[in-house]
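The next block holds one structure in the form of structure tokens; read it before the comments.
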Amino acid sequence: MTDADQPGRNHNTATPTGEQTADAPSRAELDARTEIEARYGRTPARAARTRLVAWIVGLGFVAVFAAWVVWVAFDGTSATIDARDIGHSIIDDSTVTVSFEVSMAAGTRAECALQVQNEQHAIVGWKIVDIPASEKYTQSMTETVRSTELGVTGLLYRCWPA
């Protein structure tokens with residue numbers, strides 16, 4: 001069987017002017033192609049259904065992402081809290097004072113974690129401090145933290161809305 005005799009192949013012929021043209025596939029070739037596509041699930045209806053499902057899934061992802069962006073951007077409860085260490089003082093073998101500053105919107109309450117570390121940077125003291133709501137944006141505080149052994153530093157670990 002030559003290439004020209006095989007179903008599904010285009011047969012090129014030359015016109016009297018020398019231009020190449022492709023013969024249209026015969027009815028038998030179209031029927032064979034349609035039968036194969038139907039057998040393996042590549043029908044036009046299936047392709048359209050696959051595109052529709054892909055569009056629906058894509059739009060679903062876009063909708064979920066947009067809802068998440070709106071929720072994160074306009075969530076009124078996620079107040080920004082900035083906190084920084086000011087200093088520390090070693091009082092004795094089991095006591096350290098930690099001075100720190102908390103900046104947050106007026107009327108916002110927060111909690112901060114303070115820690116005492118030894119020479120090996122192990123945490124030997126820990127305290128959660130309640131920061132009351134205030135009319136001032138920035139509050140400076142000093143807290144005493146008890147430790148289990150001699151501490152070499154006292155630090156503000158982090159703060160979060162209460």
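When we follow UniProt numbering, the leftmost residue of the sequence shown carries the number 1, and every step to the right adds one. Built from N, CA and C at the ideal position, the CB exists for glycine as well.
TODO: State yes or no: is the C-beta of A106 within less than 8 Å of the C-beta of S140?
DONE: S140 sits away from A106, with the two beta carbons spaced by 8 Å or more.
Open item on the list: Only counting the same chain, and skipping five residues up and downstream in sequence, which positions put a Cβ closer than 8 Å to that of R158?
Closed with: Closer than 8 Å at the Cβ level, and outside the excluded window around R158, lie A83, C112, A113.
Open item on the list: I'd like to confirm the pairing. Which residues does DSSP put opposite M141 in its beta bridges?
Closed with: Paired residue(s): F100.
Task: Inter-residue CB distance, V96 and G125 (contact presumed, cutoff 8 Å) - done: Between G125 and V96 the Cβ distance is about 7 Å, and since that is below 8 Å, they are a contact.
Open item on the list: I'd like to know whether the C-beta atoms of L155 and V98 end up nearer to each other than 8 Å.
Closed with: Yes; because the gap between Cβ atoms is below 8 Å, this pair is in contact.
Task: Residue burial classification, F100 (beta-carbon count within 10 angstroms, cutoff 16) - done: Buried, because 16 or more other Cβ atoms sit within 10 Å of the Cβ of F100.
Open item on the list: According to DSSP, simplified to helix, strand and coil, what is R84?
Closed with: Strand at R84.
TODO: Taking 8 Å as the cut-off, decide whether the C-beta atoms of R146 and S103 are in contact.
DONE: Against a cut-off of 8 Å, the Cβ pair of S103 and R146 comes out as no contact.
Task: Cβ-Cβ distance between I81 and W160 below 8 Å - done: Closer than 8 Å, so yes.
Open item on the list: Here's the rule: buried if 16 or more other CB atoms are within 10 angstroms of the residue's CB, otherwise exposed. What is Q115?
Closed with: Q115 should be labelled buried.
Open item on the list: Strictly by DSSP, which residues pair up with D130?
Closed with: Bridge pairing for D130: E111 [DSSP].
TODO: Name the two residues that bound the continuous beta strand (DSSP E) containing T50.
DONE: Not the beta strand (DSSP E): T50 falls in the alpha helix (DSSP H), residues 44 to 73.
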